[in-house]
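Trainee:
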Amino acid sequence: MERDSQQTLLAQQLEHDRQMRVSDRLHDLIGQGAKGLAFLNGGAVVAMLAFIQALVDKPVYCCFKSYALSALSFFLLGAFSSAIVFFFHYKAIRDAYTNANPNGWETLHKIVWGILIFSTACAFIGGGLVAVGIYVAV
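In the working numbering, the protein residues as written are 258 to 395.
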């Protein structure tokens, strides 16, 4: 009887350890993904500003201007949103480990994923606007 309870306890401990390792890996991936999106969108902002500077004196700039400013806006939104995701991610991790708000952890986790998806969408929309703007201008 005692041996069965020890094996059950050991099995529960091993399962808990496995779940914690998976959770730690997921949090690492979220952090790395958010950093990657911040660099991607931030780099796109710098590239768009350099591209706009190169085109300002050219006659095609008037055709490309609205697309460039729209793309720049999307890239800025993407960079900002991927930067603020760390606040929500930290709060979700802190609440999960301290058990401060057991029901709010899932909500914060959904907010984190929503912001990451929004940042990714901003990168794709901004890139699409640049491509369409170049096609229209040329």
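Idealized CB from N, CA, C, for every residue including glycine.
Between which two residues does the alpha helix (DSSP H) harbouring Lys315 extend?
Mentor: It is not in any alpha helix (DSSP H) - Lys315 carries neither H nor E in the DSSP assignment.
Trainee: Output the distance between the C-alpha atoms of Gly390 and Ser323, rounded to the nearest integer angstrom.
Mentor: Each residue's Cα considered, the two are about 8 Å apart.
Trainee: For Asn298, count the other beta carbons within 10 Å of its own beta carbon; 16 or more makes it buried, fewer makes it exposed. Which is it?
Mentor: Burial call: buried.
Trainee: Report buried or exposed for Ile350, applying the criterion of at least 16 other Cβ atoms within 10 angstroms of its Cβ.
Mentor: That one is buried.
Trainee: When burial is assigned at 16 or more other CB atoms within 10 Å of the CB, is Cys379 buried or exposed?
Mentor: The residue is buried, with at least 16 neighbouring Cβ atoms inside 10 Å.
Trainee: Could you give the DSSP three-state label for Val303: helix, strand or coil?
Mentor: Val303 falls in the helix class under three-state DSSP.
Trainee: Using three-state DSSP, classify Asn358 as helix, strand or coil.
Mentor: Reduced to three states, the DSSP call for Asn358 is coil.
Trainee: Quick check on Val395: does DSSP put it in helix, strand or coil?
Mentor: Coil.
Trainee: Is it true that the CB of Leu312 sits closer than 8 Å to the CB of Tyr318?
Mentor: In this structure, Leu312 lies closer than 8 Å to Tyr318 by Cβ.
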